[in-house]
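Below is one structure, written out as structure tokens, with a few remarks after it.
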Amino acid sequence: MPIIDKKLSITTDSKCDLCTGSLCCTYITEEITIPRSKAEFNHLLWQISHDNVELYKDSDGWTLLFKTMCSHLELDGRCGIYEIRPDICKEYSNNYCEYDVPPEEAWDLHFTNHADLYAYVQKRFKKWP
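This note's numbering puts the last residue of the sequence shown at 129; the count rises by one with no breaks.
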């Protein structure tokens with residue numbers, strides 16, 4: 001978390017300038033249906049076996065997390081295609097973002113690799129191949 005000058009007023013307009021690392025531009029997420037079957041978890045085991053792929057569950061459901069930096073992110077943390085950025089970027093609200101609270105604090109479950117998820121499915125299913 002960055003050190004903040006107490007005299008500085010943090011607003012949604014100034015927050016992005018204060019953020020170091022452009023956190024919102026270093027990953028993408030994809031909500032998935034709640035995995036219930038062995039086949040669905042087996043598929044997730046395959047996905048999480050890839051570099052920079054994680055999985056978490058929070059109050060909104062299950063989500064695949066791809067840790068990958070946007071190719072348009074400039075060295076100074078600004079968007080290199082700001083004027084023509086995709087709609088999802090334009091619609092993103094920083095009212096409550098990674099700058100305010102790390103997303104990990106809201107996760108009920110978090111799997112960073114095959115071994116973590118495999119241990120979970122072995123407990124969840126009495127018989128796991």
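Note that beta-carbon positions come from the ideal geometry of N, C-alpha and C, so glycine has one too. Keep in mind it's a predicted model, so treat the numbers as computed, not measured.
- In the DSSP assignment, Ile81 falls outside any alpha helix (DSSP H) and carries neither an H nor an E.
- The beta carbon of Asn113 lies closer than 7 Å to those of Ile48 in the same chain, with the five residues before and after it left out.
- Leaving aside the five residues that flank Asp58 on each side, the residues in its chain whose CB is nearer than 7 Å to its CB run, in chain order, Ala106, Trp107 and Asp108.
- Remark: fewer than three beta-carbon pairs, one from each stretch, lie closer than 8 Å, so the region 38-46 and the region 13-28 are not flagged as touching.
- In the structure shown, Lys126 falls within a coil segment according to DSSP collapsed to helix, strand and coil.
- Annotation for Ile34: Gly61 and Trp62 place their beta carbon closer than 8 Å to its own, counting only its chain and skipping 5 residues before and after.
- Along the length of the region 59-123, whole beta strand (DSSP E) runs at least 3 residues long occupy 61-66 and 109-111, reported in chain order.
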